[in-house]
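Presented below is the structure to which this report refers.
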């Protein structure tokens with residue numbers, strides 16, 4: 044034993060020295076990163092949405108139907124991931140003058156490549172492409188973006204970019220509170236005539252192309268006056284001082300890279316042409332309707348709600364730049380019925396009291412959010428879980444998305460069907476008005492990120508969106524209730540347990556006491572995260 048003791052007494056200090064060296068290195072690098080800054084002097088020019096597009100194919104095709112609805116806007120709900128992607132590809136292919144594209148995430152995957160190829164094809168036809176991306180998903184992609192921006196018809200800007208282009212994770216320490224506030228907006232506008240707005244980013248999981256996790260989501264394709272409002276909001280963000288041309292961030296464009304990108308994207312289109320996914324796109328509901336020229340719009344007055352871009356650089360509690368107060372007013376004014384679909388749902392004390400007050404005066408309040416088993420962000424579930432008992436006790440109908448659901452016999456996935464996780468952000472007010480957009484009901488959307496959504500006054504559209512409450516919801520989600528008092532006394536000493544009720548094979552199936560189908564590690568994560576004071580960041 045004595046012969047081993049000196050070895051142990053020497054090993055411990057050496058490990059400690061190594062740990063201290065690593066810690067010191069991290070501190071030094073973080074300090075250096077803290078000195079990193081964004082460029083201040085670089086060439087840029089303000090541009091605006093094109094307005095002379097009435098003579099385009101989209102303009103002439105839409106004009107008669109818009110004129111027949113006297114100032115109203117038309118909306119096509121896109122609840123199927125395949126349809127949502129077909130809509131974007133079709134608009135990119137139809138555009139003749141301009142494409143304005145704004146997204147939080149634009150993944151480097153199959154659907155991201157295919158949409159990028161269609162944007163490149165549009166630029167080659169002479170279409171002006173303005174691509175505005177949040178920088179969160181752009182790590183390591185500056186060279187490719189700068190090369191694409193060399194195209195005379197393509198301009199790319201990154202919103203609120205990380206000061207460091209290589210050690211981004213350290214910016215999360217040295218610039219926390221700045222780089223953690225993101226542009227969450229999502230819009231795709233062709234020729235200032237048609238706009239797609241909603242909850243989807245660009246990536247396989249949003250368009251039913253992922254092998255494992257797919258998101259149930261909702262967009263609308265819009266025509267009419269609301270499109271100009273979407274273009275106006277895009278211009279505000281595009282011309283904001285927070286939107287940096289990608290070439291200003293230090294990565295020089297390379298003409299050879301541009302040529303290589305053209306070739307690679309064209310090859311990817313050819314490679315995907317006969318793929319199973321391409322076949323599913325061609326067979327999608329919307330593709331069939333476009334071929335048959337049988338697309339039905341829902342019409343009504345509409346307005347665009349959106350945060351101002353400077354929200355991410357001002358005091359989070361300064362609500363002059365926020366759309367959140369408008370949403371609170373809409374919820375408060377509900378008279379009979381409120382439907383809330385929010386994958387990340389953390390109402391907080393004030394929101395909980397608002398929903399409880401609605402239920403107390405007889406309003407039917409239905410909430411659909413993710414279960415612990417379905418969520419992709421356990422921290423958010425930890426934030427939500429502390430409020431759900433109070434909501435259920437007040438009579439709010441709380442549903443939690445199940446992680447997997449049965450596919451329809453036609454094999455097509457609908458909002459919430461054959462999906463592993465919910466991602467739609469939709470509210471229905473009194474079965475009269477619908478809000479479809481990017482905003483979750485959580486502190487991050489309300490205080491930190493920028494968001495947008497279209498509010499449509501259309502009982503027909505509201506009824507269409509609300510169909511899932513009776514036709515789909517019981518099959519894709521668990522209804523959360525509390526067991527009767529007598530059972531609670533017998534089982535848990537007086538504290539009513541949660542009961543999760545779902546439908547399997549036409550039969551009610553109940554789970555008691557703890558989140559169903561959630562892995563043990565997910566429960567541990569949620570518990571630990573619930574102890575941390577991080578709710579404002581969720």
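In our numbering, the protein residues as written are 44 to 581.
No residue lacks a Cβ here, since even glycine has one placed at the ideal position from N, Cα and C.
Can you tell me whether residue i is buried or exposed? The criterion is at least 16 other CB atoms within 10 Å of its CB, across all chains shown.
{"i": "residue 119", "result": "buried"}
{"i": "residue 564", "result": "exposed"}
{"i": "residue 236", "result": "buried"}
{"i": "residue 283", "result": "buried"}
{"i": "residue 468", "result": "buried"}
{"i": "residue 199", "result": "buried"}
{"i": "residue 356", "result": "exposed"}
{"i": "residue 260", "result": "buried"}
{"i": "residue 83", "result": "exposed"}
{"i": "residue 117", "result": "buried"}
{"i": "residue 110", "result": "exposed"}
{"i": "residue 113", "result": "exposed"}
{"i": "residue 571", "result": "exposed"}
{"i": "residue 86", "result": "exposed"}
If you draw a straight line from the alpha carbon of residue i to that of residue j, how long is it in whole angstroms?
{"i": "residue 577", "j": "residue 392", "result": "15 Å"}
{"i": "residue 131", "j": "residue 497", "result": "18 Å"}
{"i": "residue 141", "j": "residue 125", "result": "24 Å"}
{"i": "residue 250", "j": "residue 127", "result": "7 Å"}
{"i": "residue 319", "j": "residue 369", "result": "44 Å"}
{"i": "residue 443", "j": "residue 484", "result": "15 Å"}
{"i": "residue 227", "j": "residue 246", "result": "15 Å"}
{"i": "residue 545", "j": "residue 569", "result": "22 Å"}
{"i": "residue 148", "j": "residue 493", "result": "14 Å"}
{"i": "residue 562", "j": "residue 420", "result": "14 Å"}
{"i": "residue 121", "j": "residue 538", "result": "43 Å"}
{"i": "residue 488", "j": "residue 367", "result": "8 Å"}
{"i": "residue 100", "j": "residue 296", "result": "33 Å"}
{"i": "residue 314", "j": "residue 335", "result": "27 Å"}
{"i": "residue 248", "j": "residue 152", "result": "10 Å"}
{"i": "residue 389", "j": "residue 218", "result": "25 Å"}
{"i": "residue 76", "j": "residue 180", "result": "Any reading at residue 76 needs caution, since the residue's pLDDT is 48, under 50, leaving its predicted position unreliable; the model's value is listed next. Spanning the two alpha carbons is a distance of roughly 20 Å."}
{"i": "residue 242", "j": "residue 557", "result": "30 Å"}
{"i": "residue 472", "j": "residue 381", "result": "5 Å"}
{"i": "residue 413", "j": "residue 510", "result": "19 Å"}
{"i": "residue 436", "j": "residue 405", "result": "14 Å"}
Where does residue i sit, in a helix, a strand or coil, going by DSSP?
{"i": "residue 112", "result": "coil"}
{"i": "residue 31", "result": "With the chain running from 44 to 581 in the structure shown, residue 31 is simply not present."}
{"i": "residue 253", "result": "coil"}
{"i": "residue 407", "result": "strand"}
{"i": "residue 568", "result": "helix"}
{"i": "residue 221", "result": "coil"}
{"i": "residue 582", "result": "The question about residue 582 has no answer here: the residues shown for the chain are numbered 44 through 581."}
{"i": "residue 464", "result": "strand"}
{"i": "residue 126", "result": "helix"}
{"i": "residue 226", "result": "strand"}
{"i": "residue 204", "result": "coil"}
{"i": "residue 483", "result": "coil"}
{"i": "residue 471", "result": "strand"}
{"i": "residue 359", "result": "coil"}
{"i": "residue 87", "result": "coil"}
{"i": "residue 297", "result": "coil"}
Measuring only between beta-carbons, confirm whether residue i sits less than 9 Å from chain D.
{"i": "residue 146", "result": "Given the protein chain composition of this structure (a single chain), no chain D is represented."}
So residue i packs on residue j, CB below 8 Å; how close in whole Å?
{"i": "residue 258", "j": "residue 385", "result": "In fact, because the Cβ distance is near 13 Å, the residues do not count as touching under 8 Å."}
{"i": "residue 38", "j": "residue 143", "result": "With the chain covering only 44 through 581, there is no way to say anything about residue 38."}
{"i": "residue 129", "j": "residue 324", "result": "6 Å"}
{"i": "residue 524", "j": "residue 542", "result": "5 Å"}
{"i": "residue 470", "j": "residue 478", "result": "4 Å"}
{"i": "residue 311", "j": "residue 158", "result": "In fact, because the Cβ distance is near 11 Å, the residues do not count as touching under 8 Å."}
{"i": "residue 208", "j": "residue 185", "result": "6 Å"}
Taking the alpha carbon of residue i as the point to measure from, which residue in the options has its own alpha carbon closest?
{"i": "residue 203", "options": "169, 216 and 178", "result": "178"}
{"i": "residue 522", "options": "242, 431, 480 and 348", "result": "431"}
{"i": "residue 108", "options": "427, 221, 211 and 337", "result": "337"}
{"i": "residue 407", "options": "413, 306 and 399", "result": "399"}
{"i": "residue 445", "options": "293, 212, 466 and 438", "result": "466"}
{"i": "residue 135", "options": "352, 163, 365 and 487", "result": "163"}
{"i": "residue 273", "options": "438, 231 and 304", "result": "231"}
{"i": "residue 298", "options": "180, 194, 176 and 113", "result": "194"}
{"i": "residue 289", "options": "331, 221 and 189", "result": "189"}
{"i": "residue 187", "options": "526, 300 and 520", "result": "300"}
{"i": "residue 294", "options": "192, 326, 150 and 312", "result": "192"}
{"i": "residue 215", "options": "223, 254 and 573", "result": "223"}
{"i": "residue 350", "options": "472, 310 and 482", "result": "482"}
{"i": "residue 201", "options": "280, 553, 160 and 165", "result": "280"}
{"i": "residue 424", "options": "474, 196 and 566", "result": "566"}
{"i": "residue 81", "options": "374, 254, 183 and 291", "result": "291"}
Would you say residue i touches the ligand HEM, meaning its beta carbon is less than 8 Å from a heavy atom?
{"i": "residue 186", "result": "In the structure shown, the ligand HEM is absent, as is every other ligand, since no ligand is present at all."}
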